[in-house]
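In mature numbering (1 follows the signal peptide of the UniProt record, and there is no 0), the protein residues as written are -21 to -1, 1 to 197.
Presented below is the structure to which this report refers.
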């Protein structure tokens, strides 16, 4: 019996570590705090494997196909992708430095780092990104190098957009509950909510954390 426990202990330990290094959310509200009337967008953050210091972003979402595929190469950056159907993940630290990851159901992406409100520092940063589409749903998997994150991330927000013109929908994990904005502003950092990135990606909070992407801006 003791031998069986000792055999299982490493498996249980690894399973617990994986659970601790995961954050899962569902978007159930619009940016202006109204209920979403469709199956919610689900986003999962997963911490690194034993050999890689990466952050994995998983998306499960309805496929509206509105607007349609913009035509860019799947797996590659696409400028103005935010004007199409997308899910966006923002990761912010207390110095207002943040990573922005924009993911399309059609395989295109746009990743950038910003040093303060809408202050772009680097754009079209490469990532590994794949998607799978069904008739009414899509899923995506993005692997983000840990060094893309600013040090000591404390807050985040997640958004989803689809539709065109007056029918365009803006959905948010942490929205404008006080009616501050006439139009959605996804870069309002005061709306972001807390996240324990030290649990998900421990190296991000390590004293030894270093980043070639951020070195010139900190």
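By construction, the Cβ of each residue, glycine as well, lies at the ideal position given by its N, Cα and C atoms.
This one's a predicted model, so the numbers in the text were calculated from it and none came from an experiment.
{"Query": "Would you identify the three-state DSSP class for residue 182, choosing helix, strand or coil?", "Result": "helix"}
{"Query": "Where does the unbroken beta strand (DSSP E) through residue 47 begin, and where does it stop?", "Result": "From DSSP, residue 47 is part of no beta strand (DSSP E); its letter is neither H nor E."}
{"Query": "Can you find at least 3 beta carbon pairs, one from the region 65 to 74 and one from the region 42 to 49, that sit closer than 8 angstroms?", "Result": "no"}
{"Query": "Go ahead and pull the three-state DSSP assignment for residue 37.", "Result": "strand"}
{"Query": "Return the first residue and the last residue of the beta strand (DSSP E) that residue 74 is part of.", "Result": "Counting along the chain, residue 74 falls outside any beta strand (DSSP E), and DSSP gives it neither H nor E."}
{"Query": "Got a sec, what are the start and stop residues for the beta strand (DSSP E) residue -1 sits in?", "Result": "Looking at the DSSP string, residue -1 is not in any beta strand (DSSP E), and its letter there is neither H nor E."}
{"Query": "Quick check on DSSP: helix, strand or coil for residue 170?", "Result": "helix"}
{"Query": "Measure the CB-CB distance between residue 199 and residue 96 and report whether it falls below 8 angstroms.", "Result": "As shown, the chain starts at -21 and ends at 197. That puts residue 199 outside it, with no answer to give."}
{"Query": "For residue 145, does the three-state DSSP call read helix, strand or coil?", "Result": "helix"}
{"Query": "Figure out for me which residue from 48, 18, 51 has the closest Cα to the Cα of residue 38.", "Result": "18"}
{"Query": "From the DSSP output, which residues share a beta bridge with residue 111?", "Result": "118"}
{"Query": "Between which two residues does the beta strand (DSSP E) carrying residue 89 extend?", "Result": "88 to 94"}
{"Query": "May I have the straight-line CA-CA distance separating residue 139 from residue 181, to the nearest angstrom?", "Result": "27 angstroms"}
{"Query": "With a Cβ-Cβ cutoff of 8 angstroms, do residue 148 and residue 9 count as a contact?", "Result": "yes"}
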